[in-house]
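If you want it as structure tokens, here you go:
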């Protein structure tokens with residue numbers, strides 16, 4: 185039976201990739217996209233959909249803020265979605281730090297915005313599946329081993345950055361509604377792939393190399409992240425929509441083997457692009473007072489539902505590089521603003 189899916193933040197990185205994946209793989213479904221279009225959102229990310237006649241007729245866009253109660257409730261009543269996939273969020277850790285007003289902006293979107301969506305669904309008596317997109321950072325730094333979903337502490341728990349703290353609170357908030365709504369929380373690790381703003385590590389590094397500039401690695405570059413391809417995340421969300429259990433959280437990760445450091449990421453990118461490692465990797469002082477060394481999550485729970493990630497990271501990095509090579513006009517228009525984060 186055809187479904188209607190309301191996606192918040194669908195012009196952002198993971199949201200746009202999810203919409204493209206869903207419309208291509210579910211030919212009867214309709215996707216409604218609610219996006220404020222901040223610096224991190226770009227309608228051009230969805231040109232693949234808007235240029236496809238079949239997909240375009242099954243896609244609707246509303247520009248607006250998830251904190252606009254009247255708009256949210258009007259869309260819920262008008263479109264009556266079967267599923268909400270809630271991506272809309274402030275996500276860059278560095279942008280959440282520093283002045284208190286930065287943290288407030290993250291709280292307003294990540295916590296208050298989530299509350300408005302959940303409460304509106306309840307007030308309007310909408311019986312739907314609500315997928316809350318969270319992050320592995322809610323567990324805090326994981327120096328060794330892998331965190332299970334049940335190890336997430338209530339409230340801030342061990343989350344370190346204002347970003348992670350707001351997502352940790354939003355997790356608790358979403359799960360508290362599971363007696364009224366069909367809520368599931370997804371906690372993906374570090375996503376990479378096409379359509380990511382060049383402020384983030386991987387696209388910043390790739391776009392620097394295309395511009396003849398070195399990759400900048402903070403400190404010694406020994407930090408470890410679990411690198412998950414964005415289409416794998418889209419498939420994981422699909423699995424949760426179809427098979428996930430109400431009131432549960434699910435980790436989504438690639439479990440890179442061997443684990444890969446930021447320094448090794450830079451070396452691999454330079455190798456793929458056939459550039460000189462000594463010239464194109466630059467180590468700079470780490471601007472963060474505390475930079476979490478490692479994150480790690482246990483993914484057995486979602487694997488029991490039939491989902492598995494892709495494992496060839498070199499091949500996936502190559503696909504990502506190819507997208508940035510073919511879409512220079514898109515990322516070049518964003519690059520100058522992205523660099524202000526590092527140069528101010």
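Numbering (our numbering), first residue to last: 185 to 528. For glycine and all other residues, C-beta sits at the position ideal for the given N, C-alpha and C.
Reference residue i; option with closest CA among the options
{"i": "residue 482", "options": "331, 219 and 229", "result": "331"}
{"i": "residue 258", "options": "414, 218 and 292", "result": "218"}
{"i": "residue 306", "options": "290, 323 and 360", "result": "360"}
{"i": "residue 412", "options": "390, 480 and 351", "result": "480"}
{"i": "residue 433", "options": "362, 508, 201 and 513", "result": "362"}
{"i": "residue 265", "options": "439, 324, 193 and 187", "result": "187"}
{"i": "residue 429", "options": "322, 231, 485 and 456", "result": "485"}
{"i": "residue 273", "options": "292, 449 and 329", "result": "292"}
{"i": "residue 338", "options": "326, 209, 267 and 355", "result": "355"}
{"i": "residue 414", "options": "501, 225, 222 and 526", "result": "501"}
{"i": "residue 431", "options": "340, 516 and 334", "result": "334"}
Close beta carbons around residue i, own chain, < 7 angstroms, minus the five adjacent residues each side
{"i": "residue 215", "result": "189, 191, 203, 206, 207, 242 and 243"}
{"i": "residue 256", "result": "250, 300, 301 and 304"}
Residue i at chain B interface by Cβ criterion, 8 angstroms
{"i": "residue 243", "result": "Among the chains in the structure shown there is no chain B, since it carries only a single protein chain."}
Spatial neighbours of residue i in its chain, beta-carbon cut-off 8 angstroms, leaving aside the 5 residues before and after
{"i": "residue 445", "result": "405, 406, 407 and 408"}
{"i": "residue 260", "result": "190, 304, 305, 308 and 310"}
{"i": "residue 343", "result": "321, 322, 323, 324, 349, 351 and 352"}
{"i": "residue 451", "result": "461 and 465"}
Element boundaries [beta strand (DSSP E), containing residue i]
{"i": "residue 353", "result": "Per DSSP, residue 353 belongs to no beta strand (DSSP E); it is in the alpha helix (DSSP H), 346-360."}
{"i": "residue 435", "result": "432-436"}
{"i": "residue 219", "result": "214-219"}
{"i": "residue 192", "result": "188-192"}
{"i": "residue 269", "result": "267-270"}
{"i": "residue 468", "result": "465-468"}
Continuous alpha helix (DSSP H) stretch holding residue i: start and end
{"i": "residue 401", "result": "Element bounds for residue 401: not the alpha helix (DSSP H) but the beta strand (DSSP E), 399-402."}
{"i": "residue 320", "result": "Taken as a continuous stretch (DSSP letters only), residue 320 belongs to no alpha helix (DSSP H), as it is neither H nor E."}
{"i": "residue 416", "result": "414-427"}
{"i": "residue 387", "result": "385-394"}
{"i": "residue 519", "result": "512-527"}
{"i": "residue 306", "result": "298-307"}
{"i": "residue 234", "result": "231-234"}
{"i": "residue 488", "result": "First-last for residue 488: undefined, no H or E at that position."}
{"i": "residue 199", "result": "197-209"}
{"i": "residue 292", "result": "Counting along the chain, residue 292 falls outside any alpha helix (DSSP H), and DSSP gives it neither H nor E."}
{"i": "residue 238", "result": "237-240"}
Beta-bridge partners of residue i, as assigned by DSSP
{"i": "residue 224", "result": "Residue 224 is not bridged to any residue."}
{"i": "residue 251", "result": "Beta-bridge pairing links residue 251 to no other residue."}
{"i": "residue 376", "result": "413"}
{"i": "residue 445", "result": "408"}
{"i": "residue 331", "result": "481"}
{"i": "residue 316", "result": "270 and 369"}
{"i": "residue 243", "result": "215"}
Same chain only: Cβ atoms within 6 angstroms of residue i, ignoring 5 sequence neighbours per side
{"i": "residue 290", "result": "274, 280, 346, 347 and 350"}
Check whether the region 460-467 touches the region 396-403, taking contact to mean three or more Cβ pairs, one atom from each stretch, closer than 8 angstroms. yes
Do the region 424-436 and the region 475-494 touch if we need at least three Cβ pairs shorter than 8 angstroms? yes
When the Cβ atoms of the region 316-328 are set against those of the region 377-393, are three or more pairs found closer than 8 angstroms? no
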